[in-house]
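Residue numbers (numbering that gives the first Met the number 0): 0 to 136. Notes for the one structure printed next.
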Amino acid sequence: MKKIVFIFVLLAATSILSRGQVIVISNQSIKSDSISKSDLRDVFTGAAWSLRDGSHVTPVLLKQGHTHEEFLAAYLNRSAVALLICWRGQVMSGQAVMPKTFDSETIVVEYVAAHAGAIGYISNATPHEGVKVLTVR
Numbered sequence: 000m001k002k003i004v005f006i007f008v009l010l011a012a013t014s015i016l017s018r019g020q021v022i023v024i025s026n027q028s029i030k031s032d033s034i035s036k037s038d039l040r041d042v043f044t045g046a047a048w049s050l051r052d053g054s055h056v057t058p059v060l061l062k063q064g065h066t067h068e069e070f071l072a073a074y075l076n077r078s079a080v081a082l083l084i085c086w087r088g089q090v091m092s093g094q095a096v097m098p099k100t101f102d103s104e105t106i107v108v109e110y111v112a113a114h115a116g117a118i119g120y121i122s123n124a125t126p127h128e129g130v131k132v133l134t135v136r
C-alpha cells in the first residue's frame, strides 16, 4: 500500500513540475513583455490579430507532441482537434488563413526570430536565442 501511495505522490509531483515547462516566445518586434492568458487564447484561436499594446501578431503552432499538448491544455483549454476545427471554420468563411505549423521547436524559434509579429511556444529546455520570452499573466 505504501508503494502505491508513493507512486501516486511521485506521479502527481512530476505532473506539477512538468507544468510551466512551456514558454511563449515572440519576435523582438512585439512591444510587450507579457500577455494575458485570455489574449493568448484569442491570438491562437484566431479571434485577435493584435495585442493590447497595438503589436500585430501572427501565431505559429507546433504540429504535435508533448509541448503542443501542454500548451493547448494550459493556455487554450482545448484539444488539438478542437483547435483545428476552430481554424478551419475561420478559413472556410474567409476570415483567416491557417497559421504556420512546424514539426520542430527549433524551427519555431528560427521562424519567430525572423518574422516580425510572430508568436509561438516551445519547451523552456529548447534554446531560444533571438526571441523574446513573454510572461503569461
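Where is the CB? At the ideal position from N, CA and C, for every residue including glycine. Bear in mind the structure is a predicted one, so any value in this text is a computation, not a measurement.
Buried or exposed (CB count within 10 angstroms, at least 16 for buried), residue i
i    : result
V4   : Unreliable positioning characterises V4 in this predicted model, as indicated by a pLDDT of 45, which lies under 50. A coordinate reading is not provided.
V23  : buried
N76  : exposed
I84  : exposed
E128 : exposed
G93  : exposed
G45  : buried
D102 : exposed
H65  : exposed
Residue i and residue j closer than 8 Å at C-beta
i    : j    : result
P138 : I106 : The question about residue 138 has no answer, for the chain in this structure spans 0 to 136.
L133 : S25  : yes
V96  : V111 : no
E109 : I121 : no
Residue interval of the alpha helix (DSSP H) (run including residue i)
i   : result
T66 : 65-70
L83 : 79-91
L60 : Segment 57-61 is the beta strand (DSSP E) holding L60; no alpha helix (DSSP H) there.
Proximal residues to residue i (C-beta, below 7 Å), its chain only, five neighbours per side dropped
i   : result
L39 : V23, Y74, V135
Residues near residue i in its chain [Cβ-Cβ closer than 6 Å; skip 5 each side]
i    : result
N123 : Q20, I22
K99  : V59
A47  : D41
A115 : N26, S28
V80  : none
Residue i - containing beta strand (DSSP E), residue span
i    : result
A190 : Within the shown structure, residues of the chain are numbered from 0 to 136, placing residue 190 beyond reach of any answer.
V132 : 131-135
V23  : 21-25
Cβ neighbours of residue i in the same chain (closer than 8 Å, five flanking residues each side left out)
i   : result
K62 : T100, F101, D102
| said: Is it the case that the segment 48-56 contacts the segment 29-39, given that we only count it when at least three CB pairs across the two stretches are under 8 Å? | reply: Yes, the segment 29-39 is in contact with the segment 48-56.
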